[in-house]
Structures are given as C-alpha cells and as structure tokens.
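For the sequence shown, my numbering gives the first residue as 777, with consecutive numbering after it.
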Amino acid sequence: MAMPSPTLFQAYVRQALSWLEAYTGDMPLHRYLKNAFRQQPKLGARDRRYISALIYDYFRMGHTLRNRSRLDKMLIGYFLCEQGPMPLIRAWQPEWLSTLPEGALPPPFQRTAWFPDFRIEELFRWSEHVTKGLSLQAFAERFLSQPHVFIRIRPGHASRVQALREGVAMLDAHTWALPAGVELEEQVSGEEGKDYVVQDYASQGVMRWLVEQLPSASVKHWTVWDCCAGSGGKSIFLADNLLLSRLMVTDIRPTILANLRRRFRQAGISAYVAAAVDVTREQELARIMGKQTYDLIVADVPCSGSGTWARTPEQLHFFAVERLNDFQALQKRLVTQAIRYLKPGGYLAYITCSVFRAENEEVADAVSREGLQCIGQRLITGYTVGGDSMYIALFRAG
C-alpha cells in the first residue's frame, strides 16, 4: 500500500484537531470516534487509524506539556507513543526524527528526554490520593503505550491453544499477553470462550489471589453471588477453580447480562441464576434475593476505573478528583446491602479497578467497621506487563 502524501497527513492532523476541539468527555472516546467516523464514510481504515492515534496520543499526555498548543501536544504525543516508521512526523516535524539513534525506536519514556517540558509527574496529577504500593513512575509510564490484551487458558484446554504469530507473550502456563489491535483468531488457536477467555492480567491476579486465600477451596462446594458481575469474567474464573453448588450473578445493566449469558454458554456454564438489579436498593434487592445467603460474595464495584485509564486515556484529561466522594458513597451503600446476604463465616471479596485510596483502603476500613474481619488486601499492578491495575480486600463474617 502506498504511503499517504504529506497533504493527506495534513488532512489527518486537521481532522484530529477539529474533533479534539469538539469532544467534551461526556461519552467514552471510542464511542465518540465511532460516531464521528460514521459521519465521514469516505475515511478508510488507514485514515481512521491515523486520526484515532493522534487523538488518543494527545490524551495520553495527561496534564503535562500544559503550555503547548493543542497541535504541539498532539504531535508530541504521537511521536512518543507510536512505534515503527513515522511518516506523519516526517511530514510535520522531521527534525524530531533526526534526534533518534539508528535502528529501532527507543521505548516511549526514553523519547520524552527530547522535550524538556515533559514532566512524567504531571501526566497523572493525583499522586497524593493513590493506594499504598503503587509506583507512580511506572504507573504513569504505562499511559504512553496501548495496553495488551490478555487471555486466560481454561483448565484442561492448554493443548488446544497455540501461538500463531510473533508478539504473543506467555507470562505463565495460563496467562498470555497479546498485542492490541489484532484479531484474536489471528494470534492464537483454539475457541474463545471455550478454550480461553479474554481477561486482563490484573483481573486474573485478583481472582487467583482470592482463591488462594479461601479455605479448602478445592473440596468445598461454594454458594457464590457475583453482585456486580459485568460480562462474567470473574464468575467464569470461579467456576473454573472452585466447586460451585449455587451461582447467582447480578448487574444493574440488562445489556451486559446478555453478554454474560453468551459468555457462559461458550464456557459451558448453565447452572446459574442471573438478574438485573440495583444492589443499593434494599427492597428491590430483597425481591430478587429472597432469604438465600452465600459463602462468597464478589463485589467488583463501580469506581473511577483509574487502574484502567491507559485504555481510556481521555479520563486523564477530564476526571475531577471530587468525583471520588460520590464513588466512595456508592461503594459503601452497595457493600452495606450486599453483606446482608453473607452467611456467618462467609467471605466478601471487595474489588475495584481503581488506584485511589478513597475507593480502596478507605472503603475497606469502612467494611471492617461493619463488623467483618479483613483477611488481607492486595494491589495487583499490571503496569509491569502492559496491563491494568486492580485492588482486592477479602473479609470474613463473624
């Protein structure tokens, strides 16, 4: 395929700037761009890739380069974050390429040295609010790269899953990292859902840690309620690693439960009950739950999502720290209602994909004040392998 002309690169930049100016953050960036591209049907796949990269890389700069123009910040972001040949930069800022050594591009963070006003500490500006154990430097550096896609090989299916191309990294026997932006079936063999599931490194990590903490996990038959189940990844993990006598899955979003049901069919899970319910509404929840109580309640609660912002870097630009108060209040209400259905001696797993202390340790302290014993807590930092970061605290009812 022929390389775009300098004139076309200029058109990409102009279009990206126009959409940046119009974007207000009131919807996810990927959805905004999908709608914008739908209104420009003449833009082909290559055009969309360039324009999307320019916009995403602008937001990956967070709050650094604050005195630069939007154009400068966007081009610097593209130069720092993209890999491989850079004809677009050659068309706009060829002098930047002259500073690079011969051969492969240095990692993104090394390239920041060419811009004295780039401050890694300004990229993520809420350092005083983060959970203990987070490396701010390593966490912030992850925003300069698109995270990987991770799969978990299901028990008994390892022989059916093989790497089909370079770039697939086997982190252990069950966890593989795949480059983003490439179809799964082009990278690995086997059947998605049946032989492997898409599940982020940190999500696998918190669930593996949880199962390790549970007593007699390999022999006891567990009753489990996944109260904010989403698309079901954590429930599938539990079904693969525990003996379940009852599985209840709920979420406030009926549409995502439809996705859960599809994934459960693929995984061969049929013995479960699913319901759309707002867990914070006591009477509504009571109608759904009845008098059933559970050995294990998994509460992967709504949160800021800050541990996943490398996937949604627009949050670096638009997030207001004052929102943490609202998230924390919601998390406390949700947990207060959920633990009413916990058996004596049962376990609550409180999980977030946040790196903020207000959503993690502070809520865990509040749960302890409800009378539950904290067995342990863990921050799973996926930034070392190109993944997300998540927090888990495990409690036992008296």
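C-beta atoms are modelled at their ideal positions from N, C-alpha and C, and glycine is treated no differently. Model, not experiment: these values are computed from the prediction.
Taking the alpha-carbon positions, what's the F1095 to R1022 distance?
Position 319 of the sequence shown, counting from 1, holds the residue named residue 1095. Position 246 of the sequence shown, counting from 1, holds the residue named residue 1022. Between F1095 and R1022, the C-alpha separation is close to 39 Å.
So A1051 is in the beta strand (DSSP E); what residue range does that whole segment cover?
Within the sequence shown, the letter at position 275 stands for residue 1051. Annotation for A1051: the continuous beta strand (DSSP E) segment containing it runs 1049-1052.
Rounded separation between S845 and P1089 - CA only:
By one-based count along the sequence shown, residue 845 stands at place 69. By one-based count along the sequence shown, residue 1089 stands at place 313. The straight-line gap from Cα to Cα measures roughly 19 Å.
Looking at the structure shown, is A949 part of a helix, part of a strand, or coil, going by DSSP?
The count along the sequence shown starts at 1 and reaches residue 949 at position 173. Here A949 sits in coil by DSSP.
How many angstroms separate the CA atom of L1019 from the CA atom of Y1123?
As a position in the sequence shown, residue 1019 is number 243, starting the count at 1. As a position in the sequence shown, residue 1123 is number 347, starting the count at 1. Taking the straight line from one Cα to the other gives about 15 Å.
Under a three-way DSSP split, which group does G932 fall into?
In the sequence shown, the residue the question calls residue 932 occupies position 156. Here G932 sits in coil by DSSP.
As a quick exercise: from I1168, T1128, G1174, A1134, pick the residue whose alpha carbon is nearest that of E1146.
Walking along the sequence shown from the start, residue 1146 turns up at place 370. Checked all of I1168, T1128, G1174, A1134; the closest Cα to E1146 is G1174.
Any idea what DSSP makes of G909, helix, strand or coil?
Here residue 909 is taken as the residue at index 133 of the sequence shown, counted from 1. G909: coil per DSSP, three-state reduction.
If we ignore side chains and look at the alpha-carbon of each, how far apart do P892 and S911 end up?
Stepping through the sequence shown from its first residue, residue 892 is reached at position 116. Stepping through the sequence shown from its first residue, residue 911 is reached at position 135. P892 and S911 have their C-alpha atoms spaced approximately 22 Å apart.
Other residues of its chain near V964: CB distance less than 8 Å, five sequence neighbours each side excluded:
Residue numbering aside, residue 964 sits at position 188 when the sequence shown is read from its first letter. The beta carbon of V964 lies closer than 8 Å to those of I927, V937, Q938, A939, L940, V944, W952, L954, Y972 in the same chain, with the five residues before and after it left out.
Rank L851, P861, T907 by C-alpha distance to the C-alpha of R790 and give the top, closest one.
Within the sequence shown, the letter at position 14 stands for residue 790. R790 has its Cα closest to that of L851, out of L851, P861, T907.
Run through DSSP, which three-state label would H839 get?
Reading the sequence shown from its first residue, position 63 is the one you call residue 839. H839: coil per DSSP, three-state reduction.
Sequence-distant residues of the same chain with beta carbon closer than 6 Å to Y826, five excluded per side
Residue numbering aside, residue 826 sits at position 50 when the sequence shown is read from its first letter. Only Y788 meet the Cβ criterion.
Closest Cα partner of K1010 within the set L1072, C1150, P991, G1121:
As a working mapping, residue 1010 is identified with position 234 in the sequence shown. The candidate whose alpha carbon is nearest that of K1010 is L1072.
Starting from the Cα of H1093, find the closest Cα among S828, T783, F900, L881 and give me that residue.
Position 317 of the sequence shown, counting from 1, holds the residue named residue 1093. For H1093, the nearest C-alpha among the options comes from F900.
C-beta contact flag for F915 and Y1159 at 7 Å:
As a first step, residue 915 must be located in the sequence shown, where it is residue number 139. As a first step, residue 1159 must be located in the sequence shown, where it is residue number 383. Yes, these two residues count as a Cβ contact at 7 Å.
Can you grab the Cα-Cα spacing for the pair P804 / Y977, in whole Å?
Against the sequence shown, residue 804 aligns to sequence position 28. Against the sequence shown, residue 977 aligns to sequence position 201. Spanning the two alpha carbons is a distance of roughly 23 Å.
Whole-angstrom C-beta distance between S1080 and F1132, which should lie under 8 Å:
As a first step, residue 1132 is located in the sequence shown; it is residue number 356 there, counting from the start. As a first step, residue 1080 is located in the sequence shown; it is residue number 304 there, counting from the start. Indeed they touch by this definition, with Cβ atoms about 6 Å apart.
Of the listed residues H924, E959, E961, nearest to M946 (C-alpha basis)
Walking along the sequence shown from the start, residue 946 turns up at place 170. It is H924 whose Cα lies nearest to the Cα of M946.
Between F813 and R822, is the Cβ-Cβ spacing less than 7 Å?
Stepping through the sequence shown from its first residue, residue 813 is reached at position 37. Stepping through the sequence shown from its first residue, residue 822 is reached at position 46. No, the pair does not count as a contact, with Cβ atoms beyond the cut-off.
Beta-carbon within less than 7 Å of L920's beta-carbon, same chain only, minus the 5 sequence neighbours each way: which residues are those?
Counting from 1 along the sequence shown, the entry for residue 920 is found at position 144. The answer, listed in chain order, is R836, L856, C857, P884, F885.
Which residue spans inside the stretch 1096-1170 form an unbroken beta strand (DSSP E) run of at least 3?
For the stretch 1096-1170, whole beta strand (DSSP E) runs of length 3 or above, ordered along the chain, are 1118-1128, 1149-1157.
Assuming A1043 contacts I1012 (C-beta within less than 8 Å), just tell me the rounded distance between them.
Mapped onto the sequence shown, residue 1043 falls at position 267. Mapped onto the sequence shown, residue 1012 falls at position 236. Between I1012 and A1043 the Cβ distance is about 5 Å, and since that is below 8 Å, they are a contact.
Chain-order list of residues whose beta-carbon lies under 6 Å from that of G1152 (same chain, five-residue window excluded):
Position 376 of the sequence shown holds residue 1152. Residues of the same chain with a CB within less than 6 Å of the CB of G1152, apart from the 5 flanking positions on each side, are L1170 in chain order.
At the level of alpha carbons, what is the spacing between P780 and G860?
To locate residue 780, count along the sequence shown from 1; it is residue 4. To locate residue 860, count along the sequence shown from 1; it is residue 84. Their backbone Cα atoms lie some 15 Å apart in a straight line.
Would DSSP call M1024 helix, strand or coil?
Here residue 1024 corresponds to residue number 248 of the sequence shown, with the count starting at 1. For M1024, the secondary structure class from DSSP, reduced to helix, strand or coil, is strand.
E968 by DSSP, collapsed to three states: which one?
In the sequence shown, residue 968 corresponds to position 192, counting from 1. In the structure shown, E968 sits in a strand (DSSP, three-state: E or B).
Just verifying my parser: in three-state terms, what is the DSSP assignment at D802?
Position 26 of the sequence shown, counted from the first residue, corresponds to residue 802. In the structure shown, the three-state DSSP call for D802 is coil.
What does V1000 pair with, by DSSP beta-bridge criteria?
Working through the sequence shown from its first residue, we reach residue 1000 at position 224. Residue pairing for V1000: DSSP places it in a beta bridge opposite L1023, L1072.
Confirm, please, whether the CB-CB distance from V1097 to W868 is below 7 Å.
Here residue 868 refers to the residue found at position 92 when the sequence shown is read from its first residue. Here residue 1097 refers to the residue found at position 321 when the sequence shown is read from its first residue. No, the Cβ-Cβ distance between W868 and V1097 is not below 7 Å.
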